[in-house]
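Trainee: Line by line, the protein sequences give chains A and H.
For any residue, its number in the working numbering is found by taking its place in the first sequence, counting from 1, and adding 43.
For any residue, its number in the working numbering is found by taking its place in the second sequence, counting from 1, and adding 43.
Where a beta carbon is used, it is the ideal one built from N, C-alpha and C, also for glycine.
Remember, it's a predicted structure, so these values are computed and weren't measured experimentally.
2 protein chains.
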Amino acid sequence: MKIQKLASLSSAERAEILARGGEVSAKIKTGVAEILQAVETRGEQAILEFTQKFDGADLNNLELSADELAAVDESADEFDFLRQAAANIEKFHQNQLQNILQEKRVETEDGVEVWREWRAIQKVGIYAPGGLATYPSSVLMQAIPARIAGCSEIVLATPPKKDGSLDSVVIAAAKIVGVTKIIKCGGAQAIGALYYVYGVEKLTGPGNPWVTEAKTQLSSKVAIDMPAGPSEILILADDSAVPKFVAADLLSQAEHAADSSSILVTMSEKLAEEVETELGKQLADLGRKEIAEKSSKHILVAENLDEAIGFANEYAPEHLEICTEEPEAVLKQIVNVGSVFLGNYSSEPAGDFATGANHVLPTAGFAKNFAPLSVESFGKKIQVQKLSKAGLGKICEVCEKFGAAEGLDAHAKSISIRFEDEN
Amino acid sequence: MKIQKLASLSSAERAEILARGGEVSAKIKTGVAEILQAVETRGEQAILEFTQKFDGADLNNLELSADELAAVDESADEFDFLRQAAANIEKFHQNQLQNILQEKRVETEDGVEVWREWRAIQKVGIYAPGGLATYPSSVLMQAIPARIAGCSEIVLATPPKKDGSLDSVVIAAAKIVGVTKIIKCGGAQAIGALYYVYGVEKLTGPGNPWVTEAKTQLSSKVAIDMPAGPSEILILADDSAVPKFVAADLLSQAEHAADSSSILVTMSEKLAEEVETELGKQLADLGRKEIAEKSSKHILVAENLDEAIGFANEYAPEHLEICTEEPEAVLKQIVNVGSVFLGNYSSEPAGDFATGANHVLPTAGFAKNFAPLSVESFGKKIQVQKLSKAGLGKICEVCEKFGAAEGLDAHAKSISIRFEDEN
Numbered sequence: 044m045k046i047q048k049l050a051s052l053s054s055a056e057r058a059e060i061l062a063r064g065g066e067v068s069a070k071i072k073t074g075v076a077e078i079l080q081a082v083e084t085r086g087e088q089a090i091l092e093f094t095q096k097f098d099g100a101d102l103n104n105l106e107l108s109a110d111e112l113a114a115v116d117e118s119a120d121e122f123d124f125l126r127q128a129a130a131n132i133e134k135f136h137q138n139q140l141q142n143i144l145q146e147k148r149v150e151t152e153d154g155v156e157v158w159r160e161w162r163a164i165q166k167v168g169i170y171a172p173g174g175l176a177t178y179p180s181s182v183l184m185q186a187i188p189a190r191i192a193g194c195s196e197i198v199l200a201t202p203p204k205k206d207g208s209l210d211s212v213v214i215a216a217a218k219i220v221g222v223t224k225i226i227k228c229g230g231a232q233a234i235g236a237l238y239y240v241y242g243v244e245k246l247t248g249p250g251n252p253w254v255t256e257a258k259t260q261l262s263s264k265v266a267i268d269m270p271a272g273p274s275e276i277l278i279l280a281d282d283s284a285v286p287k288f289v290a291a292d293l294l295s296q297a298e299h300a301a302d303s304s305s306i307l308v309t310m311s312e313k314l315a316e317e318v319e320t321e322l323g324k325q326l327a328d329l330g331r332k333e334i335a336e337k338s339s340k341h342i343l344v345a346e347n348l349d350e351a352i353g354f355a356n357e358y359a360p361e362h363l364e365i366c367t368e369e370p371e372a373v374l375k376q377i378v379n380v381g382s383v384f385l386g387n388y389s390s391e392p393a394g395d396f397a398t399g400a401n402h403v404l405p406t407a408g409f410a411k412n413f414a415p416l417s418v419e420s421f422g423k424k425i426q427v428q429k430l431s432k433a434g435l436g437k438i439c440e441v442c443e444k445f446g447a448a449e450g451l452d453a454h455a456k457s458i459s460i461r462f463e464d465e466n
Numbered sequence: 044m045k046i047q048k049l050a051s052l053s054s055a056e057r058a059e060i061l062a063r064g065g066e067v068s069a070k071i072k073t074g075v076a077e078i079l080q081a082v083e084t085r086g087e088q089a090i091l092e093f094t095q096k097f098d099g100a101d102l103n104n105l106e107l108s109a110d111e112l113a114a115v116d117e118s119a120d121e122f123d124f125l126r127q128a129a130a131n132i133e134k135f136h137q138n139q140l141q142n143i144l145q146e147k148r149v150e151t152e153d154g155v156e157v158w159r160e161w162r163a164i165q166k167v168g169i170y171a172p173g174g175l176a177t178y179p180s181s182v183l184m185q186a187i188p189a190r191i192a193g194c195s196e197i198v199l200a201t202p203p204k205k206d207g208s209l210d211s212v213v214i215a216a217a218k219i220v221g222v223t224k225i226i227k228c229g230g231a232q233a234i235g236a237l238y239y240v241y242g243v244e245k246l247t248g249p250g251n252p253w254v255t256e257a258k259t260q261l262s263s264k265v266a267i268d269m270p271a272g273p274s275e276i277l278i279l280a281d282d283s284a285v286p287k288f289v290a291a292d293l294l295s296q297a298e299h300a301a302d303s304s305s306i307l308v309t310m311s312e313k314l315a316e317e318v319e320t321e322l323g324k325q326l327a328d329l330g331r332k333e334i335a336e337k338s339s340k341h342i343l344v345a346e347n348l349d350e351a352i353g354f355a356n357e358y359a360p361e362h363l364e365i366c367t368e369e370p371e372a373v374l375k376q377i378v379n380v381g382s383v384f385l386g387n388y389s390s391e392p393a394g395d396f397a398t399g400a401n402h403v404l405p406t407a408g409f410a411k412n413f414a415p416l417s418v419e420s421f422g423k424k425i426q427v428q429k430l431s432k433a434g435l436g437k438i439c440e441v442c443e444k445f446g447a448a449e450g451l452d453a454h455a456k457s458i459s460i461r462f463e464d465e466n
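1) Taking all protein chains shown into account, do 16 or more other C-beta atoms lie within 10 angstroms of the C-beta of P103(A), making it buried, or fewer, making it exposed?
2) Three or more C-beta pairs closer than 8 Å, one from the stretch 377–391 of chain H and one from the stretch 131–139 of chain H: is that the case here?
3) Within 8 Å of any Cβ in chain A, is that where the Cβ of Y358(H) sits?
4) Given this structure, state the Cα-to-Cα distance separating A414(A) from G399(A), to the nearest angstrom.
5) Quick one: complete alpha helix (DSSP H) runs, 4+ long, within the stretch 123–175 of chain A?
6) Can you find a CB in chain A that lies within less than 8 Å of the CB of T259(H)?
7) Step through the CB atoms of chain A and report whether any lies within less than 8 Å of the CB of N142(H).
8) At a cut of 8 Å, does the stretch 136–145 of chain A reach the stretch 373–383 of chain H through at least three beta carbon pairs?
9) Kindly indicate which residue of E312(H), R331(H), A257(H), L363(H) has the alpha-carbon position closest to the one of L279(H).
10) Quick check: the stretch 298–315 of chain H against the stretch 403–419 of chain A, are there 3 or more CB pairs under 8 Å?
11) In the DSSP output, which residue or residues are listed as bridge partners for C228(H)?
12) To the nearest angstrom, how far is the alpha carbon of K432(A) from that of I276(H)?
13) With burial defined as no fewer than 16 other Cβ atoms inside 10 Å of the residue's Cβ, what is the status of L61(A): buried or exposed?
14) With a cut-off of 8 Å on the beta carbons, I'd call V222(H) and K245(H) a contact; round off their distance for me.
15) Restricting to Cα atoms, I'd like to know which of P202(A), A290(A), I225(A), A284(A) is closest to G250(A).
16) Looking at chain A, is there any beta carbon in it that lies within less than 8 Å of the beta carbon of L209(H)?
17) Closest to F396(A) by C-alpha separation, out of C366(H), G353(H), F445(H), would be which residue?
18) In whole angstroms, what separates the C-alpha of E117(A) from that of A109(A)?
19) So what does DSSP say about L363(H), is it helix, strand or coil?
20) Keeping to the same chain, check which residues put their C-beta closer than 8 Å to that of Q47(H); ignore five residues upstream and five downstream.
21) Pick from V212(H), E150(H), R162(H): whose alpha carbon is nearest that of K437(H)?
22) Please report whether the beta-carbon of F413(H) lies at a distance below 8 Å from any beta-carbon of chain A.
23) On the CB-based measure, 16 or more other CB atoms within 10 Å of its CB, does R162(A) come out buried or exposed?
24) Determine contact between the stretch 86–104 of chain H and the stretch 200–215 of chain H, defined as no fewer than three beta-carbon pairs at a distance below 8 Å.
25) When you compare the CB of D302(A) with every CB in chain H, is at least one pair closer than 8 Å?
26) Work out the CA separation of Q88(A) and V243(H) for me, nearest whole Å.
27) Could you give the DSSP three-state label for K429(A): helix, strand or coil?
28) How would you label G323(A), buried or exposed, when you count the other beta carbons within 10 angstroms and need 16 or more for buried?
29) Assuming contact is defined by CB atoms lying nearer than 8 Å, are R331(H) and D452(A) in contact in what I supplied?
30) From the DSSP output, in three-state form, read off E443(A) for me.
31) Would you mind reading off the limits of the alpha helix (DSSP H) that contains S339(H)?
32) Would you report the Cα separation of R231(H) and V240(H), rounded to the nearest angstrom?
33) Find the residues of chain H that neighbour E151(A), judging by a C-beta separation of less than 7 Å, and give them in chain order.
34) Residues of chain A with CB closer than 8 Å to the CB of Y178(H), please, in chain order.
35) Within its chain, find whatever has a CB closer than 6 Å to the CB of A315(A); leave out the 5 residues flanking it on each side and keep chain order.
36) From D281(A) to E111(H), what distance separates their C-alpha atoms?
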């Protein structure tokens with residue numbers, strides 16, 4: 044890997060590093076539209092056919108059966124790690140709900156009370172990738188905030204193995220966190236199933252480009268969490284960083300997929316060189332070496348901290364590690380990011396699994412305008428207004444003037460009619 | 044207008060009342076795609092051409108000039124009503140920010156601190172409809188929460204009159220609330236302008252089907268607030284309601300556009316009949332009588348309060364007035380709604396302008412899964428994690444087990460490497 048000076052990048056080189064994700068291919072767009080159309084018109088039968096075609100699993104029934112569910116004893120010791128992670132995720136997200144519920148009422152004028160109240164989205168559909176690998180952590184990260192939000196139905200879709208089964212760890216995770224139904228399907232057909240067959244009101248979760256495109260295509264009909272693409276990390280470091288930790292964390296994102304991105308931005312040429320050496324060493328030992336080798340990796344040297352921070356904000360990384368002398372001071376200047384890790388012992392993979400923070404995060408620059416998945420993702424604050432006659436009287440004239448300015452006669456009238464008998 | 048029993052509606056009749064909005068026509072989809080394509084490739088020139096074509100205004104420059112801006116004295120007495128409304132909107136939304144900023148830090152394990160911090164979306168684009176009518180209230184409802192959120196650039200797009208000017212009330216509203224730039228264009232081309240020419244990171248605001256479709260088509264590239272369609276009100280009332288108030292409020296939504304919806308659901312046949320009579324009387328006097336006559340209006344009689352509440356939740360109204368003996372008790376059972384008005388003096392139009400609550404709300408059933416526009420719409424809570432070495436040690440084993448379960452070797456390694464020297 045070449046070490047490059049941030050300031051010497053051509054605008055084309057800089058644009059190439061900043062651009063991730065890119066346009067969805069016409070093939071995926073058309074393919075997804077066809078799958079969704081089939082699921083809309085033919086329902087479960089179409090989904091089972093796609094599951095046979097894409098996952099190689101021959102199923103009679105989309106839903107995990109009561110027997111399959113009962114066969115996994117989620118209280119077994121082997122699942123203690125799920126429980127410990129779930130407890131941390133629970134703490135972090137319960138704190139969000141407490142904050143949500145603490146919003147006060149406001150009296151904007153005497154007799155005009157205005158406030159917001161929390162209401163859960165009733166039916167939500169969550170997606171966990173699967174097939175070859177299995178992602179129990181993604182089940183926890185979605186179902187826990189959904190349950191805390193108060194959703195009454197949480198439908199999990201995840202693709203089966205070729206033999207039609209689901210991994211017992213995934214089933215255990217779903218049972219531990221209160222998923223109400225599990226369906227065995229993946230890809231665009233799973234997104235179609237959640238919306239057309241199960242009628243969910245919001246779709247969440249990470250997935251491959253087919254899953255993301257299916258969510259996008261349905262987003263004029265149903266709420267979705269965010270566009271979420273390949274994983275990425277940016278590490279902003281100075282000489283206080285430990286080269287072998289930095290290299291290990293860059294590789295932890297690089298192993299996700301060949302389209303993942305890992306970037307080190309540092310003010311220290313010495314660190315840049317040491318990390319480069321470490322990367323070579325550590326890569327040799329990795330189980331997923333081939334994937335990690337293919338993914339995009341950059342070491343960029345900044346002239347000063349401001350330049351590094353400016354680049355980080357422009358990149359808007361999903362994950363940002365700040366390994367500098369004073370990480371909290373740097374954090375204050377970071378505006379575009381999903382999840383931040385401060386200091387040498389806040390290793391990004393810890394946040395993927397067990398710090399309690401959510402790992403469903405905006406990627407590809409969407410950290411500029413989307414937040415991490417949270418309790419807020421599974422509900423909404425509705426507005427409430429309560430006016431006394433005197434309170435309405437205080438804003439009567441204002442409303443009449445707006446009614447006149449906007450040509451909305453009946454608007455003004457519905458307020459003045461309440462005072463008519465007094466004239 | 045026919046009074047109907049809710050329980051006797053055929054499923055087709057019920058479905059027809061519940062269905063609003065419906066599918067966007069192919070003509071609009073194609074037309075919008077062409078406009079966005081033109082704006083992407085030809086920029087300002089294309090926008091000016093569309094403005095001539097659709098708004099009949101011949102402009103040389105998209106942006107409101109410094110002279111036009113200076114010509115409006117927003118401190119004039121005639122704009123006091125804007126200031127009073129803005130002060131109320133400010134109070135309600137400042138309260139949201141205070142709540143957002145009060146979220147606590149959590150220590151999920153000893154040495155594992157996790158929290159969220161607020162960051163504004165930097166550049167936002169807000170849309171206010173215009174042309175024939177003019178909507179200064181929509182400027183306040185978007186720019187105030189954006190400014191409170193901390194957005195550094197707030198670009199307002201609104202269509203000009205035929206003579207190329209903007210209404211002075213709209214300009215005054217924009218100046219009062221700190222809009223940073225005003226562009227004179229409307230429709231799909233305005234949405235294209237905000238994204239392609241001004242590079243905003245989020246698009247908000249109500250509009251006609253062209254505006255909404257343009258936001259939808261761009262929603263895989265940029266964040267949008269919500270799909271927002273024709274206005275609607277549902278009034279849930281018992282005998283404690285005042286028929287002429289109810290009729291006036293039903294008409295206040297009916298006058299918006301021919302595709303607006305107004306529904307009364309009541310347990311009282313007497314109220315139903317009295318409201319029907321009042322509607323006839325009041326309609327005759329309305330300035331926008333022809334529009335109000337065309338829009339969809341229903342009076343539905345429910346057998347009991349539970350049936351009425353069930354229907355309200357299924358309908359998921361943008362605006363809900365609860366005019367019953369104990370409105371707060373009913374509110375507890377309402378889950379799907381945008382903005383609620385409690386009691387006989389909480390007239391819905393008061394919330395359109397001056398209670399302080401936001402009037403940009405989900406319609407067409409989207410109140411099931413979208414919230415009213417708020418400070419949260421203009422920013423995001425980023426996640427932060429800070430682990431001590433001991434803290435990381437506490438979750439080391441959990442992370443290793445997830446790494447093993449999910450086949451993510453380098454994930455486990457980046458944690459264990461931090462403890463290597465100790466073995």
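Mentor: Let me spell this out:
1) The amino acid at residue 103(A) is misidentified as Pro; the sequence shows Asn. Answer is exposed; the Cβ neighbour count stays below 16.
2) no
3) no
4) 16 Å
5) 123–144
6) yes
7) yes
8) no
9) L363(H)
10) no
11) DSSP lists no partner for C228(H).
12) 21 Å
13) exposed
14) Between K245(H) and V222(H) the Cβ distance is about 15 Å, and since that is not below 8 Å, they are no contact.
15) P202(A)
16) no
17) F445(H)
18) 14 Å
19) strand
20) E56, H341, I342, L343, V344
21) E150(H)
22) yes
23) buried
24) yes
25) no
26) 43 Å
27) strand
28) exposed
29) yes
30) helix
31) Premise fails: S339(H) lies in the beta strand (DSSP E), 339–344, not in any alpha helix (DSSP H).
32) One detail in the question is off: residue 231(H) reads as Ala in this sequence, not Arg. So the two alpha carbons sit approximately 13 Å from each other.
33) Going by the sequence as given, residue 151(A) is Thr instead of Glu. Ordered by position in chain H, the residues that pass the 7 Å Cβ test against T151(A) are N131, K134, F135, T398, G399.
34) E449
35) I46, T309, I342, V344
36) 50 Å
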